[in-house]
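Working notes for the structure below.
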Amino acid sequence: MKKRSQWPKMVMLFVAMALVAAACGGDDDAGAGDDTTTTAAAAPAATTTATTEAAPATTMAPEPTTTTEMEMIPCVATIGFIGPITGPVAFIGEVQLNWMQYAVDVLNEELSTEISIVEGDNQFDTAQSATLAAQFVDNADMVATVGPAGSDNVDAAGAVFEDLDPDFSFVSPSSTREGIAATYTGMFRTVPTDADQGPTTADFMIAEGAAKVFLVDDQSSYSTGLSDSTTAALEAGGVEVITESVSQDTTDFSALVSTIPDDADFVYLPWQVAANGQIFANQMAEQGKTMRIFGSDGMDSEDFTTVGSLVAAFAPDIAGIAGSADLLAGFLAEYDDTNTFGPPVFAAVQVIIEATYRVCLTGQTPDRASVQAEIANTDLADSILGSPISFTSDGDLAEGQFFIFEIQEDGTKTLVG
Amino acid sequence: MSQIGVDQWVEQSDERRDRYSGWTAPARRAFDKLPTGWKLVGVLGAAAAFPLLVPQGEIRIGITVLLLAMLALGLNVVVGWAGLLDLGFVAFYGFGAYFYAIVASDQLPAHWPTWVAIPIIVAAAALLGALLSLPSRRLVGDYLAIMTLFFAQIFVELVRNFERLPFVSEDLDLTGGPNGIPGVEAWDLFGFQINSFKRHYYLLLILLVVLIAGLHNLNASRTGRAWRALREDTLAAEHMTTPVNKLKLLAFVVGAAIAGLAGSIFAAVQVGVFPNNFALPFLITIYAAVILGGSGSIAGVVLGAVAIGYIPELLRDPGKAGWLFYIGLAVMLVVTMKRWQPIAAVTIGLVVFGFVVRFVSSAIWDESIMGTANDTFISRFVDGWVLILGEQQDLITNYAFVVAIAGVLSVVVTRGWLRIATLIPTIYLAILVWENKLALQPSITRQLLFGAVLVVMMAIRPQGLLGTRRVEIT
Amino acid sequence: MEFFLQQTVNGLTLGSVYALLALGYSMVYGILKLLNFAHGEVYMFGAFAGYGVLTVLGGSSAPLVPIWLMILLMFVAAVVVSSTIGVALERFAYRPLRNSTRIAPLISAVGASFFLQAAALLLFTANSRSYDAPNLIAIQTGIPIGPIRVWMVRVMVIVTSAVLMILLTLWVNRTRTGKAVRAVSFDREAAAMMGIDVDKVIVITFLIGSALAGVGGVMVGLVFGRVFHLMGFVAGLKAFTAAVVGGIGSIPGAMFGGLLIGFAEAYTTGYISSTFQNLIVFALLVVVLLVRPRGLFGREELVKV
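Chains as they are written, first to last, in the working numbering: chain A, 1 to 417; chain B, 1001 to 1474; chain C, 2001 to 2305.
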């Protein structure tokens, strides 16, 4: 009895404390922002001149003359990140966030900018993407954001940006649906679209003499878009396509694997979760099905290692390009894992930071409108993705290109198309 | 479950609660003496002033909270009043949202005017609710729950794969599949566009007030009393000639209609609908609001919705989450020790413990203090006392995290000196893990703390924040 | 025929795993009338415990100990971790709410579930892990059944769960503790009055249910391969469904419920459509429930008036 009478008091106490926390937290906002920054203050301008040579050289950065650098006021801005850091596809968000922090570290040091990050976890939920978009617009220091991942989340966040501040730019490192960038003023993306990938994939299969393709999509926005464009291109080439689909939650595909007809030439898996693709491949082997698996760019990951399989990638093997390989090595020294969702984040951050930097060079304080104008002017001769980056008036990559790799015995990938 | 005397004891709980004790008593008595009208005006005034005082992002959160409150009220009718475990509730919300999105976007050539669309949507959702109530004639308890859960899952599967259904023609694209329907138009009430966050907020607030008034009267009415009879003992109610099936149907219908209305607003707020909006995690959120607030109480479920909607946003900001964490530790200390002498003893012990650990550890392995502290007020305060690891941070903090959780749990079960002895290293470890790991990963920590808050709140008040204790007849 | 056999094996494997999980659900429900929504997370931690042992002992490509010992150790680790978490859940999340309403513990369970998922993300990161079982037990090994060959891992999964289910049934029906469990499940108050330590029985139930979930976690890791922080949610939902359809609280019901869902999924995918697999399975279960409103093996409750 006596114990029970304590509860109301405790609740009151807790609620009171929580309210105090909320109030105090308000004052602490500035500190909180800093909390998530990686290096804003870590690279004081004085030391940067010395370290520029030592830093992994990204030749694509505009070469600042030493004099302007000395005279320049510090180029300070905040950029956001919207992505699925927790939730069903946390493996995407985690790698994206790590690459984002890495990119900001590298570029801050190289350009002597003081860019900081505010991370926003949307749990792959469109409602949360919308809330984050509104909060980011409120943050007066924020010039642009990276993300969101997933075209449905882009729609949700895009609607808010369009409504509240069309000058706010968002550079998605992983939204591939055709035409979506044209819908939103502030949208740019550093990955090519399904319209690039579908036909490349189909052409390759046709060239290999495919007559029948077994296609399984994973009922996500990403997968069905790709499935549609590939199917259309395959059927135009006279290939018979058998379409099946499984939900992304599934981890046992054996029943589906049993239904693959023996005369199929390829099994095409436009999937986001590469680890599921590996399970699919194992279960094919278990049942003695030997057709080649063709994975989309989502399957281009360390998790998918079936020898002889093909994967599409929006970048040539970056480990083989000198500048990119250094960046990749630098990343892996700091973080454990990477996957296909990582490098486009670097590109997106680079696009934003260099745009901000160019605004600073003109002597202006970067704001959303000027940064957006400069992002639209982006013209990188080379990037971590191994290809030039510039945008169409819609915000799509001007030169989207896809490459096809074959997975080798030793785990490396060889360019085949 | 019928212990002798329990019912009497429950019955008197209000009386006992009147006899407040301790330092909060005067304030609580004064609050009770306030006329209900005043309290309502106060709350309503605060809610109405909210969007005028805060930036857009906060208004957006306010909209989320109001929508959640509306849904929680609807679910409360079915679960809290009629006692029917309806796990299909979220499908009505989705139905309303998709229906509105289809008739107010380019999915169909015809766009319906809002004043036509909304009544039809609400009526259609109610009809669907009536349909779903049919199995409840035969199924009870968890069997009804699983049946309604199937309904919720079937709904999501259907909207996600609608175009692929064998009998649907290729050209008909109603639901947009996994892409959902972007570009939904705003409500247009006779020329007045509800197209900004602020307008949505006030629309929701007005509807909520109307809804609460209606539900309050319904609860006090004959139907409301019959629902409670149904909830407490269906068999007895049936023998008293209560029309059980009709009442179940009515509960489903009212709940579904409210959810349908909320859905049609949500579609307009989000300017789009996507299948994942209506999946099970959101159903869990609505249930959490109802139960945490106090199933059966109107004020309770609204408060529950505010708590469930706002706590995760509070935790999003790493600075605020930090304050919450440290205050939580302080509360744990106060609650477990109760008197000031042991609290002081533990605090002093903790400070000494920290410095000793730091001294010993840095002597053995100097990497253990080589890390850089976080840049917040508290972190700067504890820097120099707690270990900030330079190397091997992940590995060590992983173990520390597990041990700290075990420590917190054992503090709950130990007594006396043993408890003090456990408390000191536990709090130290918890701070170490916070500064070295949790503060660096705010998004994961947010989910962690939210889960912990739910468990703790339910343990403290099993009946919910404003719920009344009642004995379940099984 | 070959196709049918293959799908039967597929369904049997999947169903065995569902059944093991459903048993834990059903036992807890039988005793506490509580839906243990965090059961899926217990299973997830079991799978990670197995992965931990596998990694520490050299991984699947270069195991440091004989394979049978490795698998045994994985099961032991999973059982220890899972049952610890299960018992802790009971003690700290559910016991404070034991005498409150039916749905209140649901939210504790959800909270615990969020907490455990986030803890897994924190400890193991979001990167999905693979047991890589084909390296451990070659994919070519197996028992031929007619025209098809069943991989050894599948054989192990099916046999292990069958053995566990038989042992559990014997335990519940033949031993003193088993009888105590049944008594508490039948009427908690009366059991307490007859001198049964109800708290102890509840702890034992959680212990056994969670241990089964842990075993299930390792088996899923071995046979399907992917281990990640959210694997418990869907599996838990399936297990809940299986437990209810079988007749919640009934041990044979949970087994048959699990197998029914496993077979339904395999045959639907095989013969009708993979896209609408879930839809069709749900529709089937709706029919089952409409025909038997208390599940396959649920007993009609007598209500005292």
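Cβ coordinates follow ideal geometry from the N, Cα and C atoms, glycine included.
Every value quoted in this text rests on a predicted model; they were computed, and no experiment measured them.
Exercise. Which chain A residues sit within Cβ distance under 7 Å of Gly2270/C?
Worked result: Here residue 2270/C refers to the residue found at position 270 when the third sequence is read from its first residue. Neighbours of Gly2270/C in chain A, taken as residues at a C-beta separation under 7 Å, are given in chain order as Ala255, Ser258, Thr259.
Exercise. How about Gly2059/C: is its C-beta nearer than 8 Å to some C-beta of chain E?
Worked result: The structure shown contains no chain E; its protein chains are A, B and C.
Problem set entry | Limits of the beta strand (DSSP E) - the one that Tyr268/A falls within | Sequence index remark: in the first sequence, residue 268/A carries index 268 (1-based). Note, Tyr268/A: beta strand (DSSP E), 266–269.
For this session: Within the same chain, show all residues whose beta-carbon is closer than 8 Å to that of Glu1163/B, passing over the 5 residues directly before and after it, in chain order.
Result: Numbered from 1 along the second sequence, position 163 holds the residue referred to as residue 1163/B. Counting only Cβ-Cβ distances below 8 Å, and skipping sequence neighbours, we find Glu1170, Leu1172, Asp1173, Leu1174, Thr1175, Gly1177.
Problem set entry | Identified DSSP bridge partners for Thr113/A | Taking the first residue of the first sequence as position 1, residue 113/A is located at position 113. According to DSSP, which records beta bridges pairwise, Thr113/A is partnered with Cys75/A.
For this session: Note the first and the last residue of the continuous alpha helix (DSSP H) segment covering Met2165/C.
Result: Position 165 of the third sequence holds residue 2165/C. Taken as a continuous stretch (DSSP letters only), the alpha helix (DSSP H) holding Met2165/C covers 2152–2174.
For this session: Would you list the one or two residues that DSSP bridges to Glu406/A?
Result: The sequence position of residue 406/A within the first sequence is 406, counting from 1. DSSP output for Glu406/A lists Leu310/A, Thr414/A as bridge partner(s).
For this session: Indicate whether at least one CB of chain B lies closer than 8 Å to the CB of Gly2295/C.
Result: Here residue 2295/C refers to the residue found at position 295 of the third sequence. It does; some Cβ of chain B falls within 8 Å.
Problem set entry | Residues that Val2234/C contacts on chain A, provided the C-beta gap is smaller than 7 Å | Position 234 of the third sequence, counting from 1, holds the residue named residue 2234/C. Residues of chain A passing the Cβ test: Asp249.
Problem set entry | Bridge-paired residues (DSSP) for Leu1187/B | Against the second sequence, residue 1187/B aligns to sequence position 187. As written in the sequence, residue 1187/B is Trp, which differs from the Leu given in the question. In the DSSP output, where bridge partners are listed per residue, Trp1187/B has Ile1194/B.
Exercise. What residues in its chain sit with their C-beta under 8 Å from that of Ala23/A, if we drop five residues either side in the sequence?
Worked result: By 1-based counting over the first sequence, the position of residue 23/A is 23. Legend: pLDDT at Ala23/A = 43, less than 50; position of this residue unreliable, no value from coordinates given.
Exercise. What does Asp1317/B reach in chain C if we use C-beta pairs closer than 7 Å?
Worked result: Indexing the second sequence from 1 puts residue 1317/B at position 317. Correct list: empty, because the minimum Cβ distance to chain C is about 17 Å.
Exercise. Just reading off the beta strand (DSSP E) that Phe170/A is part of, what are its end residues?
Worked result: Numbered from its first residue, the first sequence carries residue 170/A at position 170. Counting along the chain, the beta strand (DSSP E) containing Phe170/A begins and ends at 169–172.
For this session: Would you identify the three-state DSSP class for Gly1129/B, choosing helix, strand or coil?
Result: As a position in the second sequence, residue 1129/B is number 129, starting the count at 1. Gly1129/B: helix per DSSP, three-state reduction.
Problem set entry | Proximity below 8 Å, CB of Leu1449/B to CB of Leu1324/B | Looking up residue 1449/B in the second sequence gives position 449. Looking up residue 1324/B in the second sequence gives position 324. Against a cut-off of 8 Å, the Cβ pair of Leu1324/B and Leu1449/B comes out as a contact.
Problem set entry | Extent of the continuous alpha helix (DSSP H) run through Pro2144/C | As a first step, residue 2144/C must be located in the third sequence, where it is residue number 144. Not the alpha helix (DSSP H): Pro2144/C falls in the beta strand (DSSP E), residues 2142–2145.
For this session: Identify each residue in the stretch 2110–2139 of chain C for which the Cβ-Cβ distance to at least one residue of chain B is less than 8 Å, and report them in chain order.
Result: Going along the stretch 2110–2139 of chain C in chain order, one finds Val2110, Gly2111, Ala2112, Ser2113, Phe2114, Phe2115, Leu2116, Gln2117, Ala2118, Ala2119, Leu2121, Leu2122, Leu2123 with a Cβ nearer than 8 Å to chain B.
Problem set entry | alpha helix (DSSP H) runs wholly inside the stretch 2040–2112 of chain C, at least 4 long, in chain order | 2067–2088
Exercise. Going along the chain, which residues of its own chain have a beta-carbon closer than 6 Å to the beta-carbon of Asp1032/B, five neighbours each way excluded?
Worked result: The residue labelled residue 1032/B in the question sits at position 32 within the second sequence. Excluding residues within five positions, none has a Cβ falling inside 6 Å.
Exercise. So Phe188/A is in the beta strand (DSSP E); what residue range does that whole segment cover?
Worked result: If you number the first sequence from 1, residue 188/A lands on position 188. Here the beta strand (DSSP E) through Phe188/A covers 187–189.
For this session: Please list the partners that Ile2107/C has in chain B, where partner means a Cβ-to-Cβ separation under 8 Å.
Result: Within the third sequence, the letter at position 107 stands for residue 2107/C. What Ile2107/C touches in chain B: Tyr1287, Ala1288, Ile1291, Leu1292, Leu1454, Met1458.
For this session: Could you tell me the distance, in whole angstroms, from the CA atom of Gly1416/B to the CA atom of Lys2179/C?
Result: As a first step, residue 1416/B is located in the second sequence; it is residue number 416 there, counting from the start. As a first step, residue 2179/C is located in the third sequence; it is residue number 179 there, counting from the start. Computed Cα separation, rounded: 37 Å.
Problem set entry | Met142/A in three-state terms, based on DSSP | Residue mapping note: residue 142/A aligns to position 142 of the first sequence, counting from 1. In this structure, Met142/A counts as strand in the three-state DSSP scheme.
Exercise. How about Val160/A: is its C-beta nearer than 8 Å to some C-beta of chain C?
Worked result: Mapped onto the first sequence, residue 160/A falls at position 160. Chain C contact via Cβ: absent.
Problem set entry | Ile1444/B and Thr86/A closer than 8 Å at C-beta | For this step, residue 1444/B is matched to residue 444 along the second sequence. For this step, residue 86/A is matched to residue 86 along the first sequence. In this structure, Thr86/A lies closer than 8 Å to Ile1444/B by Cβ.
Exercise. In chain order, what residues of the same chain have a beta carbon less than 7 Å from the beta carbon of Tyr1098/B, not counting five sequence neighbours either side?
Worked result: Within the second sequence, residue 1098/B is the residue found at index 98, counting from 1. Hits under 7 Å: Val1159, Thr1175, Val1273.
Exercise. Closer than 8 Å, CB to CB, is Ile82/A near chain C or not?
Worked result: Taking the first residue of the first sequence as 1, we reach residue 82/A at position 82. Chain C contact via Cβ: absent.
Exercise. Which of the three DSSP states, helix, strand or coil, is assigned to Val1273/B?
Worked result: Along the second sequence, one-based indexing puts residue 1273/B at 273. In this structure, Val1273/B counts as strand in the three-state DSSP scheme.
Exercise. For Ile321/A, which residues from the same chain have a beta carbon less than 7 Å from its beta carbon, with the 5 sequence-adjacent residues on both sides left out?
Worked result: Translated into the one-based positions of the first sequence, residue 321/A becomes position 321. Gly386.
Problem set entry | Gly1451/B: contacting residues in chain C (beta-carbon distance under 9 Å) | Residue numbering aside, residue 1451/B sits at position 451 when the second sequence is read from its first letter. Correct list: Val2110, Gly2111, Ala2112, Ser2113, Phe2114, Phe2115, Leu2116, Gln2117, Ala2118, Ala2119.
Exercise. Which chain C residues sit within Cβ distance under 7 Å of Ser245/A?
Worked result: Counting from one through the first sequence, the residue named residue 245/A turns up at place 245. Here the neighbours are Ser2274, Thr2275.
Exercise. Apart from the five residues on each side of it in sequence, which residues of its chain come closer than 7 Å, Cβ to Cβ, to Ala50/A?
Worked result: As a working note, residue 50/A is residue 50 in the first sequence. Any reading at Ala50/A must be qualified, since the residue scores a pLDDT of 36, below 50, and its modelled position is unreliable; the value itself is stated next. For Ala50/A, where only same-chain residues beyond five positions count, there are no Cβ hits under 7 Å.
Exercise. Under a CB-based cut-off of 8 Å, is Glu119/A close to chain B?
Worked result: The residue labelled residue 119/A in the question sits at position 119 within the first sequence. Chain B contact via Cβ: present.
Exercise. So which residues of chain C does Lys1437/B contact, with C-beta pairs closer than 8 Å?
Worked result: Within the second sequence, the letter at position 437 stands for residue 1437/B. Against chain C, the beta carbon of Lys1437/B has neighbours under 8 Å at Leu2122, listed in chain order.
Problem set entry | At least three beta-carbon pairs within less than 8 Å, the stretch 2226–2236 of chain C to the stretch 214–232 of chain A | no
For this session: List the DSSP bridge partners of Leu2121/C.
Result: Sequence index remark: in the third sequence, residue 2121/C carries index 121 (1-based). DSSP lists no partner for Leu2121/C.
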